[in-house]
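Participant: Here it is: the structure, laid out below.
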Amino acid sequence: MCGRYAYLPTADPTELIEQFSIHGDPPDVTPRYNVAPTDPVTVVHTNRELQQTAAVFRWGLIPSWSKPEAARRSGHINARAETLAEKPAFRRLLLKRRCLVLASGFYEWQHGSSRRERMPYYFSPAADSPLTAGGYAGTGVVAFAGLYDRWYPPDGDRIDSCTIITTSPNGLVAPLHDRMPVMLAPDAIELWLDREMADPMLLTSVLAPAAEGALTTRRVSQAVNSVANDGPGSQAPAEEWNQGGLDLGP
DNA sequence: CCAGACGTTGTT
DNA sequence: GTCTGG
DNA sequence: CCAGACGTTGTT
DNA sequence: GTCTGG
Numbered sequence: 075m076c077g078r079y080a081y082l083p084t085a086d087p088t089e090l091i092e093q094f095s096i097h098g099d100p101p102d103v104t105p106r107y108n109v110a111p112t113d114p115v116t117v118v119h120t121n122r123e124l125q126q127t128a129a130v131f132r133w134g135l136i137p138s139w140s141k142p143e144a145a146r147r148s149g150h151i152n153a154r155a156e157t158l159a160e161k162p163a164f165r166r167l168l169l170k171r172r173c174l175v176l177a178s179g180f181y182e183w184q185h186g187s188s189r190r191e192r193m194p195y196y197f198s199p200a201a202d203s204p205l206t207a208g209g210y211a212g213t214g215v216v217a218f219a220g221l222y223d224r225w226y227p228p229d230g231d232r233i234d235s236c237t238i239i240t241t242s243p244n245g246l247v248a249p250l251h252d253r254m255p256v257m258l259a260p261d262a263i264e265l266w267l268d269r270e271m272a273d274p275m276l277l278t279s280v281l282a283p284a285a286e287g288a289l290t291t292r293r294v295s296q297a298v299n300s301v302a303n304d305g306p307g308s309q310a311p312a313e314e315w316n317q318g319g320l321d322l323g324p
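Now the structure itself:
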């Protein structure tokens, strides 16, 4: 699954804009070591003018038909790729409201017998990963496949929110969890953001696990367990954040 | 027809 | 909005 | 996803 | 154990 991730773009958004064909305002490049449900996250979607634009959505989908009391919860942070086309809550969104959730990598926890033994691992693109093909290994960013919706409170501003699509794990992730976020290969991004595209079979065909070898992993500090810690700048020292440990390699 | 639900995850 | 159950 | 809270009464 | 908040 994907319940926590990182967004660590380079400070200069120029290549990011090129990588995701972003028009209009540049994407937010504030580094986020520890993105949690309900946080504002950087996304890319196709607007009415058919231009790919960067935006900030709330992570945790609030469907447009939600009641106010339900909308105060964290919402749907994940959606299963295998059943998107059938589930009433997601079917319409698969056809009409697809987006990219920009990310650098995601966390999974290895569970022990106590809370102290929840050990986090960080999964991110390997060198020469197909996920960064086309010369974009340097931006530090890839695209999770996402869906979004718009919710109007009885009084107040519209809330745009999103969910991250999950699929079965590849060989690297499988030892830790039985789900992983869909990370779109560069050649799938155009299809995913094409508003003319409404073929569920074609759309779901790109929602595959990352290729074997596309990711690398390392153990990181348990500081990431708490959403209050958002990286080296807040509480965890960089060397601790990056501390090594178990080799989960294939 | 209307009413009511609509999700994922891990753990046992 | 759209589907399921009654 | 993990962390942290989880409650009522009467009295000060 | 289970829910809420982040």
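Numbered per this note's numbering, the first sequence finishes at 324, counting up by one with no gaps. Even for Gly, the Cβ is constructed at its ideal location relative to N, Cα and C. The structure presented is a predicted model; accordingly, all values stated were derived computationally and were not measured.
Considering only the alpha carbon of each residue, which of M271, T237, S187 and Y195 lies closest to T290?
Facilitator: When each option's Cα is compared against that of T290, the closest is Y195.
Participant: For L167, count neighbouring Cβ atoms within 10 angstroms of its own Cβ and tell me buried if that reaches 16, exposed if not.
Facilitator: By the neighbour-count rule (16 or more Cβ atoms within 10 Å), L167 is buried.
Participant: In chain order, what residues of the same chain have a beta carbon less than 7 Å from the beta carbon of A272, not counting five sequence neighbours either side?
Facilitator: Only L169 meet the Cβ criterion.
Participant: For the putative contact between A91 and S235, defined by C-beta atoms under 8 Å, what is the C-beta separation to the nearest angstrom?
Facilitator: It should be pointed out that residue 91 corresponds to Ile in this sequence rather than to Ala. Not a contact, Cβ separation roughly 24 Å.
Participant: For E182, count neighbouring C-beta atoms within 10 Å of its own C-beta (all shown protein chains included) and say buried if the count is 16 or more, exposed if not.
Facilitator: Looking at its Cβ environment, which holds 16 or more other Cβ atoms inside 10 Å, E182 is buried.
Participant: Excluding the 5 residues flanking H251 on each side, which residues of the same chain have their C-beta closer than 7 Å to its C-beta?
Facilitator: The residues are M75, E182 and P243.
Participant: Looking only at its chain, what residues have a beta carbon closer than 7 Å to the beta carbon of Y226, apart from the 5 residues adjacent to it on each side?
Facilitator: Correct list, in chain order: R232.
Participant: Along the chain, which unbroken stretches of the alpha helix (DSSP H) at least 4 residues long are found entirely within the stretch 193-280?
Facilitator: If we require 4 residues or more, the alpha helix (DSSP H) runs fully inside the stretch 193-280 come out as 260-267 and 274-279.
Participant: Could you give the DSSP three-state label for R165: helix, strand or coil?
Facilitator: Helix, per DSSP.
Participant: Could you have a look at A155 and say whether DSSP puts it in helix, strand or coil?
Facilitator: Here A155 sits in helix by DSSP.
Participant: So, with DSSP's three-state summary, where would you put A145?
Facilitator: Here A145 sits in helix by DSSP.
Participant: In whole angstroms, what is the alpha-carbon distance linking L322 and L276?
Facilitator: With a pLDDT of 39 at L322, under the threshold of 50, the modelled position of that residue is not reliable, and no figure is offered here.
Participant: Check this for me: beta carbons of A219 and I238, under 9 Å apart or not?
Facilitator: Yes. Within cutoff.
Participant: Below 8 Å on the Cβ atoms is my guess for N299 versus R171; work out the distance and round it to an integer in Å.
Facilitator: Going by Cβ atoms, the distance from N299 to R171 rounds to 32 Å, so no, they are not a contact pair.
Participant: Does T291 come out as helix, strand or coil in the three-state DSSP assignment?
Facilitator: T291 falls in the strand class under three-state DSSP.
Participant: Quick one: using the 10 Å Cβ neighbour count with 16 as the cut-off for buried, is L221 buried or exposed?
Facilitator: Result: buried.
Participant: Cα separation between D223 and G214?
Facilitator: For D223 and G214, the distance between alpha carbons rounds to 27 Å.
Participant: Along the beta strand (DSSP E) that carries L176, what are the first and last residues, could you check?
Facilitator: That run of the beta strand (DSSP E) goes R172 to A177.
Participant: Looking at the structure shown, is N299 part of a helix, part of a strand, or coil, going by DSSP?
Facilitator: It is helical.
Participant: By a C-beta neighbour count over all protein chains shown, 10 Å radius and 16 as the cutoff for buried, is P100 buried or exposed?
Facilitator: Exposed: under 16 other Cβ atoms inside 10 Å.
Participant: Give me the Cβ distance between P260 and G208, rounded to the nearest whole Å; I'm assuming they're in contact under 8 Å.
Facilitator: That pair is a contact at about 5 Å.
Participant: From Q296, L124 and P114, pick the residue whose C-alpha is nearest to that of A177; which is it?
Facilitator: Of Q296, L124 and P114, the residue nearest in Cα terms is P114.
Participant: What residues in its chain sit with their C-beta under 8 Å from that of L174, if we drop five residues either side in the sequence?
Facilitator: Answer for L174: F94, V117, V118, H119, A217, F218, A219, G220, L258, I263, W266 and L267, listed in chain order.
Participant: Which partner residues does V103 have in the DSSP bridge list?
Facilitator: Partner(s): none; V103 has no beta bridge.
Participant: Give a yes or no on whether the C-beta atoms belonging to V109 and A85 are separated by under 9 Å.
Facilitator: No, Cβ-Cβ distance for V109 and A85 is not below 9 Å.
Participant: By DSSP, does L90 sit in helix, in strand, or in coil?
Facilitator: In this structure, L90 counts as helix in the three-state DSSP scheme.
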